[in-house]
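Just remember that the working numbering sits 1491 ahead of the position in the sequence shown, which is counted from 1. The beta-carbon is built from N, C-alpha and C at its ideal position, and this holds for glycine as well. Small disclaimer: the values here were computed from a predicted structure and weren't measured.
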Amino acid sequence: MFQAIVTKYHGPTNYKGSRISARAEAGRVVLAYDYALNSDENHKAAAQALAARYGWTEANGYPALAGGALPGNAGYCFVMPRKACAPDMLTALKALHAAHRAFSGSEDWGVYDDDARAAAETAIAKATGGAA
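Shown next, in the form of structure tokens:
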């Protein structure tokens, strides 16, 4: 299961400048606020830094982070959408078809099953960018 990453702005003190913290169940990072970036970009950079610390990167097969602001100035929340699950859905559909063949001795799914299979395969292809 993936972990949500919550980021929060911390204003300057007498000793430290403005910072953005990112936390998840796995841990926490704190980055100095980068004034070359806007607020959204600072929060995303902090979330990406935490994800990189734990290897939760696209290079390691994880989905890209997506997120946005939480209500009431509570910070931002970032998640990794499970787009990567779509190939598992196709595998499950193929297993279902094999079970149907074994049980019925027929390759025919019937009109309703063909429509459902086609709709599912279309949805999977759309979710994976056509990789199904």
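| Asked | Found |
| --- | --- |
| For S1509, report the span of its alpha helix (DSSP H) as first-last. | Where S1509 is concerned, there is no enclosing alpha helix (DSSP H), given that its DSSP letter is neither H nor E. |
| I'd like to know whether the C-beta atoms of A1515 and Q1539 end up nearer to each other than 7 Å. | no |
| Quick one: residues in its chain with C-beta nearer than 6 Å to the C-beta of I1496, no 5 flanking neighbours on either side, listed in chain order? | A1513, A1515, A1538, L1541, F1569 |
| Would you say A1557 and P1572 are within 7 Å of each other, going by their C-beta atoms? | yes |
| Tell me which same chain residues have a C-beta within less than 6 Å of the C-beta of K1499, skipping the five on either side of it? | S1512, G1566 |
| Going straight from the alpha carbon of W1547 to that of A1517, what length do you get? | 11 Å |
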